[in-house]
Every structure is written in structure tokens, then in C-alpha cells.
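Structure first, commentary second.
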Amino acid sequence: LDVIRAVEPRVADAIGQEIADQREMLKLIASENYASPATLLAMGNWFSDKYAEGTVGRRFYAGCRNVDTVEALAAEHARELFGARHAYVQPHSGIDANLVAFWAVLAQRVEAPALELAGVRNVNDLSDADWAELRQAFGNQRMLGMSLDAGGHLTHGFRPNISGKMFDQRSYGTDPQTGLVDYEALRATARDFKPLIIVAGYSAYPRLVNFRIMREIADEVGATLMVDMAHFAGLVAGKVLTGDFDPVPHAQIVTTTTHKSLRGPRGGMVLCDDSLADQVDRGCPMVLGGPLPHVMAAKAVALAEARRPEFRDYAQSVVDNARALAEGLTRRGATLVTGGTDNHLNLIDVATSYELTGRQAENALLDSGIVTNRNSIPSDPNGAWYTSGIRIGTPALTTRGLGAAEMDEVAGLIDRVLTAAEAGTTSKGAPSKAQHVLDEKISDEVSARASDL
Ligand code: PLP
């Protein structure tokens with residue numbers, strides 16, 4: 017830090033404060049973790065200075081032999097870890113990985129047949145009329161993804177994201193009674209809508225998805241199955257999710273982030289079968305900027321760590337801890353979406369349980385040293401901004417070594433804060449969905465205990 021402080025002390029201070037915050041507060045954001053020192057060190061070095069557009073052995077720049085080494089290693093670890101035919105480790109984030117996947121499926125299913133029909137190999141050789149037709153075809157494709165309030169992600173075809181502007185989208189949701197994915201309703205929608213791509217995967221669904229059934233439905237309607245396993249990649253890597261619940265044997269293309277339950281550097285990755293490998297490898301410069309060699313080096317390190325037997329214990333503990341947290345909260349009277357969890361996250365319905373919006377609950381917990389995020393719940397009465405849910409995940413606290421007994425205590429701390437917190441009023445005295453009131457004594461006591469844990 018002294019080296020940084022000599023140049024810009026405010027950055028050194030912010031880094032120091034971030035380390036302190038991450039140590040003192042309870043990090044329950046389901047998408048966050050603590051990468052290992054080896055992973056962090058692999059990222060902070062001279063690889064950052066290197067340009068390396070293209071892929072291993074086929075670069076647009078000279079002098080890439082060391083980048084080739086780390087990119088090939090990261091891809092090899094990814095293939096071995098997940099049992100995938102092909103791995104592309106360049107995406108800078110989960111959203112970028114999804115863009116690469118969309119491009120690859122469009123290239124395979126729309127562009128390649130158009131080139132074949134026109135009898136040319138390259139888009140530059142298409143006549144103006146054929147080119148206009150191809151561009152129209154690109155804009156007329158359909159995607160079926162999980163609805164946002166059921167736990168889907170913005171990139172799964174929603175209007176505020178480019179995927180919703182590229183694709184004509186429909187959503188599948190969950191059964192209002194059980195809160196679980198309704199596969200028969202999904203099948204009916206797929207038959208009617210006939211999407212090019214069915215996207216499975218979620219950001220806030222506390223149960224498992226059966227990818228065998230999803231592939232069956234995709235095959236029935238001629239869709240490509242894409243699974244975004246960003247949230248649960250660590251559980252797949254750690255062999256907690258196997259068989260029908262492991263997306264890799266079932267989906268033609270799988271995307272992920274590397275920094276959530278997988279515990280690597282901030283970044284993304286695409287796994288696919290042989291038929292999509294060439295298109296996926298053209299991700300940069302098709303839709304991605306130049307690769308980040310320092311992050312690929314860190315991905316290689318983190319994936320090597322995930323191949324060790326200890327990682328399986330870690331992944332199992334993440335799920336055990338999420339279950340312990342669910343039990344602790346339920347015992348204290350909290351209502352959880354779907355009644356519990358089978359994975360790394362829980363969704364507390366704070367409107368029903370504590371008469372708070374997600375925003376109020378998030379802020380009351382933050383005041384008390386507990387970092388979470390507000391989240392929509394199915395058919396959320398408070399909308400996507402204020403929400404009625406709080407999402408809590410266990411990957412980070414499990415990395416810090418907390419177990420089931422501590423999870424019960426964490427459940428108690430959360431319940432204490434949310435029971436004591438009340439909805440506040442606006443400056444004009446009207447009821448507010450954003451403001452909360454919480455006795456400082458309680459937030460101080462909980463913060464102190466959170467810091468000790
Ligand atoms: N996909 C899913 C399912 C996610 O939950 C997220 C992030 O939360 C992303 C993609 C995007 O990842 P990133 O923030 O790395 O772009």
C-alpha cells in the first residue's frame with residue numbers, strides 16, 4: 017500500500033478501508049466471496065500490460081507466448097474441472113460471457129445457414145440483399161428465460177439489457193404455490209413460442225434446476241439450451257450438483273462468472289460442446305475487448321484450487337451453511353421464498369416477515385455490519401427498486417470458516433435487526449419505502465458481534 021500511497025494516498029486509503037470492511041462486516045451477498053492470496057497475486061502483475069487479441073496460437077499481436085501459456089492452462093483446468101469439451105476463458109465478466117454465448121448461437125443457427133444458402137463462406141461476400149436479410153434474421157430471434165422476479169438475470173432477455181433488445185423474449189416463472197420452477201408450464205410456453213434459445217440459470221432462486229428436463233424441452237422445440245451457472249458454478253465444481261443438476265452434460269452452452277461461488281477472480285467463462293467451439297473462440301474481438309491476461313492467469317490459479325479435494329468440502333459446507341441459516345431464520349419466524357434452500361442462497365420475504373421493504377431491510381442490516389442485497393420476490397408488491405426480499409448467500413462466510421453453529425447465530429442477528437427495524441417516513445412525514453428507523457444501541461451491539469464472528 018505504501019507504493020500506491022506515494023502516488024495517490026486516497027486510493028491506498030480506500031483499499032485499506034475495503035480490507036477492513038470485508039473483515040469486520042458479515043458478507044452475505046450471495047454473489048461475493050474471498051479469492052485466495054494466490055489468485056489475487058496472479059492478477060496484480062505485468063500480464064496486465066499485454067495485448068493479446070485472438071486466442072491461443074492465433075493472436076493478432078506478437079509476443080504472446082506467456083499469455084498463451086496461462087490462457088491454455090486456465091482452459092485446461094476448466095475443461096477438466098467441469099468435464100466440458102471446450103472452455104473459453106477470456107470473458108471479462110458474466111454479462112460478457114452471456115454476450116459471447118448469444119453471438120455463438122446466432123452464428124451457428126442463423127448466420128451459418130444463411131452463408132450456406134448463399135453459397136459463400138464470409139459475410140463480406142454476401143450480396144447486399146442477402147446481407148439485409150441476414151441482419152433482419154438476427155433481429156428476429158426468440159429467447160425464453162426465467163422471469164426476473166422468479167430469480168432470473170437481466171441478461172436473460174429483459175428490456176433494460178441489450179439481450180432484451182436483440183431478442184424477442186418470453187419468460188417462464190415459478191409455481192405460485194410451491195415457488196418451484198413449473199416445468200410443464202415452461203414446456204407449454206416453449207411449444208407455443210418456439211424460441212431459438214432457452215436460458216436456464218438464475219441469480220436469486222434458492223432451489224435446484226433439473227437441466228435434463230430443460231434439455232428435453234429444448235430438444236422438443238428445436239431450441240439451444242444455454243445455462244448461465246454464474247451463481248452455482250462452485251457447487252458444480254465441488255460436485256454438490258451432479259446428474260440432472262449439473263448443467264454441463266445437458267446444455268449445448270454454459271456460461272459462468274468466476275468470482276462467485278467458484279471463488280476466483282472477477283471474470284467470466286464459456287463452456288460448450290464441439291459444435292459451438294469455433295464460434296465461441298471468436299468472442300474477442302467479435303463482442304469482447306482485448307483479453308485480460310492477468311485475470312486469465314488468476315483464473316488458472318483459482319480453477320487449479322477448485323480441482324483440489326478441499327474444494328469439494330468447501331462446496332458442501334456452502335450448502336450445509338445455507339440450510340443452517342434457513343433453519344435458524346425459519347425457527348425465529350421468518351418467511352423464506354420456497355420455504356428454504358437447496359443451494360447457496362436464501363431469499364427472505366421481509367415484507368411478510370417484518371413489514372419492511374427490501375430497501376429498508378438492506379439498510380438496517382448494513383447499519384448493523386451485515387452486508388446483503390435487496391431482491392424482488394415472485395409477484396413482488398414493492399416492485400424491482402424497493403422490493404420485498406433480502407437475498408443472503410453463504411459462499412463468502414464459508415470461505416472464512418464459519419459453520420452451522422455460527423450460521424444459527426447469524427440468523428439470530430439478522431432476525432434481531434429486522435424485528436427491531438421499522439419503516440420510516442419521508443421528510444414530509446409520508447410513509448416511505450426507503451427510510452427505516454433502527455435503535456442505534458441494537459445496530460451497535462449487532463455490529464460488534466458481527467465483527468467478532
Ligand atoms: N449471470 C448471472 C446469473 C448473474 O447472477 C450475474 C451477476 O450477478 C451475471 C450473469 C453477471 O455477472 P457480471 O457481473 O460478472 O457481469
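So the sequence shown is numbered by the UniProt record's numbering: it starts at 17 and just counts up by one.
Virtual Cβ for every residue (Gly too), placed ideally from N, Cα, C.
It should be emphasised that the depicted structure is a prediction, and the values quoted were computed from it without experimental measurement.
Start and end residues, alpha helix (DSSP H) containing residue i
i           : result
V83         : 81–98
residue 8   : With the chain covering 17 to 469 only, the question about residue 8 has no answer from this structure.
V453        : Per DSSP, V453 belongs to no alpha helix (DSSP H); it is in the beta strand (DSSP E), 447–453.
I178        : 178–182
residue 14  : Only positions 17 to 469 of the chain appear in the structure, and residue 14 is not among them; the question remains open.
G399        : 399–402
residue 471 : Only positions 17 to 469 of the chain appear in the structure, and residue 471 is not among them; the question remains open.
L160        : Careful: L160 lies outside any alpha helix (DSSP H), inside the beta strand (DSSP E) at 158–162.
W147        : 144–154
S459        : 456–468
Per-residue burial, residue i [other beta carbons within 10 Å of its own, 16 or more giving buried]
i    : result
S395 : exposed
L133 : exposed
R228 : exposed
T373 : buried
Q295 : buried
D290 : exposed
P281 : buried
V27  : exposed
R324 : exposed
N114 : buried
P192 : exposed
D33  : Correcting the residue identity first, residue 33 is Gln in this sequence and not Asp. By the neighbour-count rule (16 or more Cβ atoms within 10 Å), Q33 is not buried but exposed.
V121 : buried
Spatial distance of residue i from residue j (CA atoms)
i    : j    : result
S109 : G445 : 43 Å
D358 : A342 : 10 Å
A148 : R125 : 17 Å
L44  : A145 : 54 Å
L308 : F63  : 8 Å
T441 : A234 : 49 Å
R348 : S369 : 10 Å
N177 : L382 : 28 Å
Y330 : A427 : 20 Å
E200 : D431 : 37 Å
V83  : M302 : 20 Å
S448 : T273 : 36 Å
A402 : E456 : Before going further, note that residue 402 is Tyr rather than Ala in the sequence given. Taking the straight line joining both Cα atoms gives about 23 Å.
G155 : L17  : 49 Å
D297 : L454 : 52 Å
P53  : G306 : 25 Å
V86  : M41  : 34 Å
F174 : A216 : 14 Å
Q152 : Q185 : 16 Å
S443 : T258 : 53 Å
R74  : E461 : 58 Å
E127 : K210 : 19 Å
Whether residue i touches residue j by CB criterion (8 Å)
i           : j    : result
A267        : L241 : yes
M285        : Y218 : no
residue 527 : N398 : In the structure as shown, the chain begins at 17 and stops at 469. Residue 527 is therefore absent and cannot be evaluated.
A293        : H172 : no
D424        : A340 : yes
P222        : T354 : yes
F261        : H360 : no
A91         : I269 : no
K276        : N49  : yes
N389        : H452 : no
A58         : V225 : no
Y104        : G299 : yes
A166        : G189 : yes
A253        : F98  : yes
N391        : L363 : yes
A436        : I458 : yes
Q157        : L89  : no
V311        : G283 : yes
A450        : L164 : no
L170        : I214 : no
L287        : A94  : yes
A246        : T55  : no
G385        : A466 : yes
P411        : G250 : yes
E438        : L469 : no
Span of the beta strand (DSSP E), counted from its first residue to its last, around residue i
i    : result
R390 : 389–391
T435 : Not the beta strand (DSSP E): T435 falls in the alpha helix (DSSP H), residues 420–436.
D365 : 361–365
M41  : Looking at the DSSP string, M41 is not in any beta strand (DSSP E), and its letter there is neither H nor E.
A103 : 102–104
I406 : 405–409
- [ ] At 3 residues or longer, and completely inside the stretch 192–221: list those beta strand (DSSP E) runs for me, N to C.
- [x] 213–217
Open item on the list: At 4 residues or longer, what runs of the alpha helix (DSSP H) sit wholly inside the stretch 232–318?
Closed with: Taking 4 residues as the minimum length, the alpha helix (DSSP H) runs contained wholly in the stretch 232–318 are 249–253, 290–297, 299–302, in order along the chain.
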